[in-house]
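Q: Handing you this structure, nothing more for now.
Protein chains: 4
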Amino acid sequence: MTDFFKGIPAVKFEGADSTNEFAFRHYNPDQVLLGKPMKDHLRFAVAWWHSFAWPGGDPFGGQTFDRPWFGDSIAHAKLKADVAFEMFDILGAPFFCFHDADIRPEGATFAESKRNLEEIVDYIGEKITGSKTRLLWGTANLFSHRRFMSGAATNPDPDVFAWSAATVKSCMDATLKLGGQNYVLWGGREGYETLLNTNLGLEAEHAGRFLQMVVDYKYKIGFKGAILIEPKPQEPSKHQYDYDVATVYGFLKRFGLEKEVQVNIEQGHAILAGHSFEHEIALATSLGIFGSIDMNRNDYQSGWDTDQFPNNHAEKALAFYEILRAGGYTTGGTNFDAKVRRQSLDPADLILAHVGGMDTCARALKSAAAMLEGGELEAARRARYAGWEAPAAQAMLKSDLAAISADVLARGIDPQPVSGKQERLENLWNRYI
Amino acid sequence: MTDFFKGIPAVKFEGADSTNEFAFRHYNPDQVLLGKPMKDHLRFAVAWWHSFAWPGGDPFGGQTFDRPWFGDSIAHAKLKADVAFEMFDILGAPFFCFHDADIRPEGATFAESKRNLEEIVDYIGEKITGSKTRLLWGTANLFSHRRFMSGAATNPDPDVFAWSAATVKSCMDATLKLGGQNYVLWGGREGYETLLNTNLGLEAEHAGRFLQMVVDYKYKIGFKGAILIEPKPQEPSKHQYDYDVATVYGFLKRFGLEKEVQVNIEQGHAILAGHSFEHEIALATSLGIFGSIDMNRNDYQSGWDTDQFPNNHAEKALAFYEILRAGGYTTGGTNFDAKVRRQSLDPADLILAHVGGMDTCARALKSAAAMLEGGELEAARRARYAGWEAPAAQAMLKSDLAAISADVLARGIDPQPVSGKQERLENLWNRYI
Amino acid sequence: MTDFFKGIPAVKFEGADSTNEFAFRHYNPDQVLLGKPMKDHLRFAVAWWHSFAWPGGDPFGGQTFDRPWFGDSIAHAKLKADVAFEMFDILGAPFFCFHDADIRPEGATFAESKRNLEEIVDYIGEKITGSKTRLLWGTANLFSHRRFMSGAATNPDPDVFAWSAATVKSCMDATLKLGGQNYVLWGGREGYETLLNTNLGLEAEHAGRFLQMVVDYKYKIGFKGAILIEPKPQEPSKHQYDYDVATVYGFLKRFGLEKEVQVNIEQGHAILAGHSFEHEIALATSLGIFGSIDMNRNDYQSGWDTDQFPNNHAEKALAFYEILRAGGYTTGGTNFDAKVRRQSLDPADLILAHVGGMDTCARALKSAAAMLEGGELEAARRARYAGWEAPAAQAMLKSDLAAISADVLARGIDPQPVSGKQERLENLWNRYI
Amino acid sequence: MTDFFKGIPAVKFEGADSTNEFAFRHYNPDQVLLGKPMKDHLRFAVAWWHSFAWPGGDPFGGQTFDRPWFGDSIAHAKLKADVAFEMFDILGAPFFCFHDADIRPEGATFAESKRNLEEIVDYIGEKITGSKTRLLWGTANLFSHRRFMSGAATNPDPDVFAWSAATVKSCMDATLKLGGQNYVLWGGREGYETLLNTNLGLEAEHAGRFLQMVVDYKYKIGFKGAILIEPKPQEPSKHQYDYDVATVYGFLKRFGLEKEVQVNIEQGHAILAGHSFEHEIALATSLGIFGSIDMNRNDYQSGWDTDQFPNNHAEKALAFYEILRAGGYTTGGTNFDAKVRRQSLDPADLILAHVGGMDTCARALKSAAAMLEGGELEAARRARYAGWEAPAAQAMLKSDLAAISADVLARGIDPQPVSGKQERLENLWNRYI
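Protein chains in written order, with the numbering used here: chain P, 15 to 447; chain W, 15 to 447; chain S, 15 to 447; chain X, 15 to 447.
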């Protein structure tokens, strides 16, 4: 046991009236909703990068956090893993997620980085064995090192493509070894700073080919989890190719991968792309490519990714409603891609931020489940489109413009608008929040 | 001859030093660039709606313009057409564009609206015959009337789908009759105000089926032009389905229409979607779905579509560069989807706004053509990606993750970043502006 | 009695478990919080313009609503007033607000408009007498008519300044006569479309002088209410002079009016200016110029004023907390500057939108009051700044740079950062929501 | 001489047709415009931080630049200064700007940092003596170190206020010693992350008192330059107190400092605050608080400060027009607060970015000067407001609402709107670009 979280108790459910900071007021893991325990609905994961690797810097200031594991040695990396699993235990977190760069020291060469990763993966594997926490997904950091500054799979230099491919192989191997349920790709440098020096067409082809290789490798090694792409519109790039769910869908269709790859949707990224979080989820479920979510919140007045912990259950309920409506997660989960503010220096801040986030999600889930059980909203939606169930309407869809025009003239129709009842439905929604 | 533009002379090219407000300083229609006259590169079109149908209202105020043709009769519509062609003559505009609602009075029934349209189409057909101006594209207004408030092709009411289909048939017939070179669909109401009352999946299927009918009808009537979708992310809707070029591409792929339908890209819509105009054009050309553009400018600090005339040639040169690089327009053109400000009350304002817009585009085109002829930018781009021409790089693309990883280990590579030279390329660009 | 709201019952408080659409679940007018009934905390007002005068148009479509009072006659205006008071009764709304243009038909001349206003004011005065609803504030519509297209007080034409001044006089007289508690100015056209034709300095001087006249007239007629400016950054203008609270404060200081004029803050306008709603309220209270609020919500992904009804109590609680912390309203109130969506055609939609808005606010108020009573948040805030209570700290503030520098050197200080505890405070906050 | 810029020649003016990358095509320092050499109009400055101290990191990646002077010793700092002055010579840059943290290594204590600063200031002083480059302004970095994470002048900890005050004293001393013409304050941490832990009122009072101390100290030491505040709305903070020009004006008025302090306006900050750059300049000149500019450009589609070099002269001409119209700079200048992209690794990139920026500004200045000399725009502006020159209009301004109302009734006026001629003025403008 390290003493990093010394004095902080394991967090338990105490109910909505508890005033204990270190208790859940809504997240009751074994409470059954819609026939399934809450923990299996939510499948919470802690993100290694934000909680353990981020030093607290921002574009105008450097490190604010003082962590005993900050350093470049294997020993530091192991200490970091020790603390991480202590936090997972305190929170009762069922899952975690990582990038290679979060868990192992960068080596002087690719080979050394690979060995470092393997050593730490073994170490983490042992910790998993002695813990209730599992791996939700692994991923490769193909954006922080300067070698990736002009892209990873889309780099003008084929050697960077090679490096990236080899790195993804290592990370997929690690994910498989650690029993991960998904493998994620976020292309932070797959985009451009200026069109002037960019070959859009060639870069797209390379990105498509790279993704195909990832899918092929999944089958080769017998990885049973899902491959997920995480959309984001920009930042750090001026334009990121995986802009949003609709863009990723078009990309997958182009390369024939829409059955093989799903999306990992982040609230902050949705916002940056001009969408609500629930829109991105609803679109992905309607297209059959919904996989998992990165739960956080972006400040609505900030034009960059703030990765804050969610704290508005009323808002998040809309997201969980879309997830539940589509049947819930399969391999996916609720990963807190969120970081404490750089002024939140205390170990307790790390714990409490997650407690608040988990409670916000649990409360949102309860509302969403109740709403779905109540059924009024879905009934209203079905009623609105009921006209399409008529045989004549279905026949029209199989018809053509000329026939429809003749029919419109013959019937002399004058369709009258009908109230969309938005405010009533919002009131209904509020009953469940 | 009406006297609306009384005293305003035909606008001619006088060269960059002219101080005559009613002269072109850059648009010299017959000047040859890259082997083609400027007019055939630019293919300017005037938009009937903004110039002749818009009363000057905004969300906080009503009509400001005083036009003798404002009114609901056929006579008003003919007067409007007379003035339109007078303006086309003054400008030497090679093309125009229209919605049905711009040119004909709304009838009390569908049949009456159809007859009104046919009568006005005949009238405009005669005017075309006596003029040098041709039809770039026609389209149907499926958004202004209250019957479309909840969508046209995606309306919950099948009768509105029917009405919309019948209307598009009429407008395609009109476009064919008037010799139009394209037919455009902008889905201003194809989207939603709230997810709470929306069936995303069903609406997408209906939209896909509707578009297939449009394509089928094109072949049925022998229309040789292109079918174009105009993307826009939102406004008036909270979310519009044809969000941006990438979204439309995914939609076309989903319904197998990516060879049949292209995009009509608008600067203001690109901006609202978080993209630069040149990005949207470059993406469309790289995907093989570029069709035409709606030229205008949005205010960068306004969050709605301002549809102003372009007045910054340096900026627009980036757009024309992408068009020229891809080989220029085929059936497409440069439609001024732009309106004079609601305070610009004078007939001369209408003329001068177009003169300024045409000159801005012509100047931008000259820069873009010179840059392409100069070749330095394309040479720099090719050089940046030259590594991919090596046989080993091409072989790697056909390889797999495991083989690449082995190769990376074997070669012990350490790829070094290379300057992206953005500022140098921007300076180079400035030499041509 | 008109039959517009036929069949809709008076809305009463039934408690959180009620499933009656036409009941309040949170707004219990006489429930006492912090020593005052809820109705006196909230002081709800209905806005005449959105509920009774707006036809449902948007920039891409016209009227959707079918109201028997739409028309230009005095009889129409009286019918509108009849329905308005019926709605006030149904809702138990304690206040309403109006512009002149909402309640009277526009006349052919200024004199006729004035007479029309006087006639309707008499009519409304009688209705107030027989009702429990009072006037929160009146205002003049100096933006819809084309004469105001280039500004009202800041118009280049002195006659428009005159017209505007005369109109404000009429509206202040009307507000006084109807017992209004505030008079509001929103300068929708006081700004510019382009700097190229604008004299910023002159327009600011005219705006300052105009406001001074308004203040003078208040005293002249013995109006006891507050004069309020409503900030908005833009839309319809490219730039509006009363951009946000901070800008209005600078304007008031410049003209020596900061003791005479307060602000009426709108959520949607705050958002458009890049601020949170609670920021604008907190800033105004800290500057001593807080007056009233226009309650609504803007869609966070839309770049224009959507004026929707609030429906997220968790979010609005932050606003009410700032109001309560500063002591609550004096003459101000919670005006619903919100409109049902243009697809919400039914009379019931109008009622239910207000019910939902009132309940959202009531629920937010209860959270805010409980939080203030709980006191933990204020205690944490005080503790954070406690260092400033030390005599040495206060002495330093009266000192100078050289003395402080000497002291820093002498004491050899090395100030260490302390956690800002943001997530803990957010969790605390969530306990009350 | 270091060999960092080895092989790069001094940059000279060669005229618009030059294809020499290392030549000015527009910046001809001694060319006279409006009676003054171009160099005295533009007063270009190089920013030490972006060009010499920034390692190329962004929120998702670390250092990309490889500079021999990166390191923490005095020797590194001197090498950095050597290279800086070599760059100033190559560019013929008349000015530079710095923060303390850019030029000296951070010490272990305040005293050591102070000594380091003094040593480097002496070193730089000698370099200035042997150079043609002068100091435009100095400033203190009160945002990067973790001690400032919760503010500098507005920190909850009085010791941080003290540290900040002492640091500003050192930096003002340094600026005076180096002959600086201005002293700048940018409050990157003077703002908040969350209102929940913030005492807005107290922080404002401390900020006001701090600024008064700065002004007092200026007089005490006989510094003749201007004190400048640099507005920015947010980033890194959620809200920065010096939001924009209007906000700073209100702050200055509140503390009676509007005659003592001016603003340093940055294009990127203006954009983030929702304003055009020219708006902020025009507003500052109209309020009498214009001081200097930070020239750069923000990407219009990115929601954070991109600090790119300007490369669109047409756009920047609007900014220089406002500066020239107000009489030009006094102590201010054109500081390139701009950084090469993190992919621009080569020493030549640093030079060429400045060459491009200087040429863009010079070209913009020439357009602006010609436009001002041409006089058409100012004539049109005067004509638009000519009505206000009438004695009756001036009398009305001294009148009151009642008298004006009586006059409106008596005269029976019906003011008619007049075209604002925006597009014509934009065309006119284009003639000069």
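Using N, Cα and C, we set each Cβ at its ideal position, and we do this for glycine too. Note that the structure is a prediction, hence the values are computed from the model and not measured.
#1: Measuring straight from C-alpha to C-alpha, what distance separates aspartate 103(P) and threonine 168(W)?
#2: Given that a residue counts as buried once 16 or more other Cβ atoms are within 10 Å of its Cβ, and exposed if not, what is valine 182(S)?
#3: Please give me, in chain order, every unbroken run of the alpha helix (DSSP H) with length at least 4 that falls completely inside the stretch 24 to 56 of chain S.
#4: Please report the Cβ distance between leucine 214(P) and alanine 393(W), rounded to the nearest whole angstrom; I am assuming they are in contact, meaning their Cβ atoms lie under 8 Å.
#5: To the nearest angstrom, how far is it from the Cα of arginine 161(S) to the Cα of serine 358(W)?
#6: Could you tell me the distance, in whole angstroms, from the CA atom of glycine 152(X) to the CA atom of alanine 107(S)?
#7: From which residue to which residue does the alpha helix (DSSP H) around glutamate 437(P) run?
#8: Under DSSP, the beta strand (DSSP E) around leucine 408(W) begins and ends at which residues?
#9: If I measure Cβ to Cβ from glutamine 408(P) and keep anything under 8 Å in the same chain, skipping five residues before and after, which residues do I get?
#10: For chain S, find out if any of its Cβ atoms is closer than 7 Å to the Cβ of glutamine 436(X); answer yes or no.
#11: Leucine 332(W) by DSSP, collapsed to three states: which one?
#12: So leucine 150(S) packs on alanine 59(S), CB below 8 Å; how close in whole Å?
#13: Give the DSSP-derived three-state secondary structure of valine 262(X) in the structure shown.
#14: If we count the other Cβ atoms within 10 Å of its Cβ and call it buried at 16 or more, is serine 184(S) buried or exposed?
#15: Tell whether a beta-carbon distance below 7 Å holds between lysine 128(W) and phenylalanine 99(W).
#16: I want to verify the contact list: residues of chain W whose CB lies under 7 Å from the CB of aspartate 173(P), in sequence order.
#17: Nearest to aspartate 31(X) by alpha carbon, out of Ser419(X), Val25(X), Arg39(X)?
#18: Let me check understanding here. Comparing Cα to Cα, which of Ser316(X), Val262(X), Phe27(X), Val46(X) lies closest to leucine 301(X)?
#19: Between which residues of its own chain and asparagine 386(X) is the CB-CB distance below 8 Å, once the five residues before and five after are set aside?
#20: Please confirm whether asparagine 211(P) has its beta-carbon closer than 7 Å to some beta-carbon of chain W.
#21: For aspartate 72(S), write down the residues that DSSP places opposite it in a beta bridge.
#22: Contact check, serine 164(P) vs glycine 76(X) under 8 Å by CB: the rounded distance?
#23: Could you check whether glycine 371(P) and glycine 319(P) sit closer than 7 Å to each other, using their CB atoms as the reference points?
#24: If the cut is a Cβ gap below 7 Å, which residues of chain S does glutamate 207(W) touch?
#25: Short of 6 Å in beta carbon distance, which residues of its chain neighbour glutamate 292(S), apart from the five on each side in sequence? Order them along the chain.
#26: When you compare the CB positions of asparagine 278(S) and valine 198(S), do they come within less than 7 Å of one another, or not?
#27: Check whether chain W comes within 7 Å of alanine 451(P), counting only Cβ atoms and requiring the distance to be less than that.
#28: Please tell me whether alanine 176(W) has its Cβ less than 7 Å away from any Cβ of chain P.
#29: In whole angstroms, give me the CA-to-CA distance for threonine 123(W) and isoleucine 427(P).
#30: Use the C-beta contact count for lysine 20(S): other C-beta atoms within 10 angstroms, 16 or more gives buried, fewer gives exposed.
#31: Measure from the C-beta of glycine 75(W) to each C-beta in chain S and report whether the shortest distance is under 7 Å.
#32: Between arginine 148(S) and phenylalanine 109(S), is the Cβ-Cβ spacing less than 7 Å?
#33: Contact check, isoleucine 117(P) vs isoleucine 138(P) under 8 Å by CB: the rounded distance?
#34: Across the stretch 79 to 94 of chain W and the stretch 21 to 30 of chain W, are there enough close Cβ pairs to call them in contact, namely three or more that are closer than 8 Å?
#35: Can you check whether the C-beta of glycine 401(S) is within less than 7 Å of a C-beta belonging to chain X?
#36: In terms of DSSP beta bridges, what is glycine 152(X) paired with?
A: Answer, in terms of the structure:
#1: 50 Å
#2: buried
#3: 52 to 56
#4: So it is not a contact: roughly 17 Å between Cβ atoms.
#5: 13 Å
#6: 59 Å
#7: 436 to 445
#8: The question names leucine, but residue 408(W) in the sequence shown is glutamine. Segment 405 to 411 is the alpha helix (DSSP H) holding glutamine 408(W); no beta strand (DSSP E) there.
#9: Trp402
#10: yes
#11: helix
#12: 4 Å
#13: helix
#14: buried
#15: no
#16: Ile427, Pro429
#17: Arg39(X)
#18: Val262(X)
#19: Note that residue 386(X) is leucine in the sequence shown, not asparagine. Around leucine 386(X): Leu48, Tyr335, Leu338, Arg339, Glu392.
#20: yes
#21: Gly75(S)
#22: That belief does not hold up - the Cβ atoms of serine 164(P) and glycine 76(X) are roughly 15 Å apart, past 8 Å.
#23: The question names glycine, yet the displayed sequence has aspartate at residue 319(P). No; because the gap between Cβ atoms is not below 7 Å, this pair is not in contact.
#24: Arg355, Gln357
#25: Leu332, Ala333, Glu336
#26: yes
#27: No statement about residue 451(P) is possible, as the shown extent of chain P runs from 15 to 447 and does not include it.
#28: yes
#29: 8 Å
#30: exposed
#31: yes
#32: yes
#33: 7 Å
#34: no
#35: yes
#36: Phe112(X), Tyr197(X)
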